[in-house]
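Worksheet for the structure shown next.
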Amino acid sequence: MIAAVSLILSALSASTLVLAAPRPISQPAFEKKSALPTHWYHKRDHPVHELFRRGPGDDPLPAVGSPEWAANFAGVGQTPENNIPQKWLNALAAAEQAGLIPNFAPALTTDGGLTTSSYPPGTNAGQEPICSSMYQCRHKDDVWDAPANMIGLSVDDGPVSYPTASPRLYDFLKANNQKVTHFMIGANILGNPQMFLRAYEELEDDIAVHTWTHRHMSTLTNRQLVADLGWTLQIIHDSTGGRVPQYWRPPFGDADNRVRAVAMHVFGMTTVIWNQDSQDWTMAAPGGTTLPAIQAAFTRWLNGPRNPGLIVLQHEITADDVTAFINMYPLIAAASEAGRAQGLEPWRVVSVSQLFDGSADGTQGSSEHEGWYQNSWNNTAAVDDVDIIDGGYAASISDASLTASATPTSRAANGTAPGGPTGTTIPTQSVSINSATVGKKGVWATVALGLAGVFALVL
13 MIAAVSLILS ALSASTLVLA APRPISQPAF EKKSALPTHW YHKRDHPVHE LFRRGPGDDP
73 LPAVGSPEWA ANFAGVGQTP ENNIPQKWLN ALAAAEQAGL IPNFAPALTT DGGLTTSSYP
133 PGTNAGQEPI CSSMYQCRHK DDVWDAPANM IGLSVDDGPV SYPTASPRLY DFLKANNQKV
193 THFMIGANIL GNPQMFLRAY EELEDDIAVH TWTHRHMSTL TNRQLVADLG WTLQIIHDST
253 GGRVPQYWRP PFGDADNRVR AVAMHVFGMT TVIWNQDSQD WTMAAPGGTT LPAIQAAFTR
313 WLNGPRNPGL IVLQHEITAD DVTAFINMYP LIAAASEAGR AQGLEPWRVV SVSQLFDGSA
373 DGTQGSSEHE GWYQNSWNNT AAVDDVDIID GGYAASISDA SLTASATPTS RAANGTAPGG
433 PTGTTIPTQS VSINSATVGK KGVWATVALG LAGVFALVL
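Residue numbering for the sequence shown follows the numbering used here, beginning at 13 and increasing consecutively.
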């Protein structure tokens, strides 16, 4: 499978590289918080853990990468919805019966959600009741912005084993002692277990969910959503000693009120978007952006307004993606030095998970800042057992409201402060997204075909 992934990614990575060696940036002018443990908001006794428990205490779980480990996912393949544990369906049913999941139909698609998503004519996806993040509708519970003067680093779509992609990025992060949040694809974890272990064990980075199949989530049914999210959570749980992430990022930034409600009220996950797009995903497609253009965009953002801070969409799936990240890194120090001359604080650079967890302001471990994982403080702390709550997470919810608003809000350090740019309101008309205009379309059409071949070879 690794060889197959390498062939797929080599085709996506053929453009000329701007050479950037994975060496440390000496004495950076910006402030790093990479050595701190990572904590997020959910309490460590979150009942969602019971949805993924394989046995009493999850001890022992099979070794990551072993045949026994892989066998637990042999029936998932390209259609995880064909194999859904009953306890996940029970949790979904409890959430639906409690009125927590909006009752509108999935978005339309012409290819199973691989690259297309649209809503029926007359639907305004940028407003209630849809409130699609693809149309810049900022739900009050989503994360879009970093607090002022802060940069939250993350990379999507890993892990991959192509030598100049994830491995080179991980070498660079280790050399610079820089923590990032990895929004990982479940199928890629299955195919690249050793690279997953590098990110989790060697780097001790944060692991988050980027679905199993990288489809447009708005096009999936509730059952399909549960399968795509649940199996990704399961493989992370099984690969980290039983830890359960609480944050996810939708492929293409495609989450509407129904999708985010399933993620939250079945699995306890909050949706993370971004406020700047590096467009690195377009470099593998004809007419896409270039490394110099990405560097110019970062220079502009880093030397622009500091409030809100930055959460930038970046990836680790091609050589050029990683080169763009490496080229970006010293620009942070340069912008911080330039800001000092204007009396500005230097940028504070953390993983996305550290933006709101108390790591940066010294309140980590307080009652207001709970673990990054739903049932553990970090990558090395003990995993907490929890009591069984009937119906999973959904049955434990007492607040049945999910009152999203098309009026955008920004999640500040305490998760509540408003702010950020005004959301886009789409005129009432047929809303359709195509591969040439919005989202990670061209590159992911190719990757989707490649993943199909990988599944056929391995599963």
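Even for Gly, the Cβ is constructed at its ideal location relative to N, Cα and C.
Determine the closest residue to residue i out of the options, with distance taken between C-alpha atoms.
i    : options                : result
A273 : H61, W100, V88, L112   : L112
N161 : Y341, V324, N319       : N319
N269 : D292, N84, K186, N234  : N234
G164 : Q139, T193, P171       : T193
Q258 : Q288, M276, S145       : M276
F195 : G316, C143, M281       : M281
T315 : E357, I338, H61        : First, the residue type needs correcting, since residue 315 is Asn and not Thr in the sequence shown. Residue E357 is the option with its Cα nearest to N315.
S130 : T231, I248, R66, H61   : T231
A158 : I323, K191, L202, G125 : I323
Q366 : Y341, A267, A220, P59  : A220
T321 : Q288, G170, T176       : This sequence places Gly at residue 321; Thr is not what is there. The residue with the shortest Cα to Cα distance from G321 is Q288.
V271 : R65, N95, P114         : P114
At the level of alpha carbons, what is the spacing between residue i and residue j?
i    : j    : result
A119 : E214 : 40 Å
D168 : A353 : 34 Å
V284 : M295 : 23 Å
F279 : G355 : 44 Å
N189 : A305 : 27 Å
D153 : W260 : 12 Å
N136 : H226 : 24 Å
C143 : P72  : 42 Å
F368 : K186 : 23 Å
V76  : G134 : 48 Å
L209 : G299 : 35 Å
R150 : W156 : 8 Å
D240 : H228 : 11 Å
P92  : S348 : 45 Å
I247 : V88  : 11 Å
P263 : S363 : 19 Å
W286 : Q236 : 25 Å
A3   : W243 : Residue 3 falls outside the range modelled here, since the chain spans only 13 to 471, and no answer is possible.
A105 : R360 : 43 Å
P141 : A117 : 11 Å
I338 : Y174 : 17 Å
G67  : D250 : 11 Å
Take the Cβ of residue i as the centre, count every other Cβ of all protein chains shown within 10 Å, and call the residue buried at 16 or more, exposed below.
i    : result
S78  : exposed
Q326 : buried
A350 : exposed
A86  : exposed
T122 : exposed
Q109 : exposed
A345 : buried
Q206 : exposed
E80  : exposed
P317 : exposed
A83  : exposed
N200 : buried
For the alpha helix (DSSP H) containing residue i, name the first residue and the last one.
i    : result
L209 : 205-209
D240 : 234-251
L303 : 303-314
S130 : From DSSP, S130 is part of no alpha helix (DSSP H) but of the beta strand (DSSP E) over 129-131.
H222 : Element bounds for H222: n/a, residue is neither H nor E.
L181 : 178-187
I329 : From DSSP, I329 is part of no alpha helix (DSSP H); its letter is neither H nor E.
F64  : Premise fails: F64 is in no alpha helix (DSSP H) and is neither H nor E.
N269 : 269-279
L126 : It is not in any alpha helix (DSSP H) - L126 carries neither H nor E in the DSSP assignment.
Q9   : Since the displayed the chain opens at 13 and closes at 471, residue 9 lies outside it and no answer follows.
What span of residues does the beta strand (DSSP E) with residue i cover, start to end?
i    : result
R360 : 360-363
S166 : 162-168
T193 : 193-196
message: Within 8 Å, do at least three Cβ pairs link the segment 325-340 to the segment 166-181?
response: Under the three-pair Cβ rule at 8 Å, the segment 166-181 counts as touching the segment 325-340.
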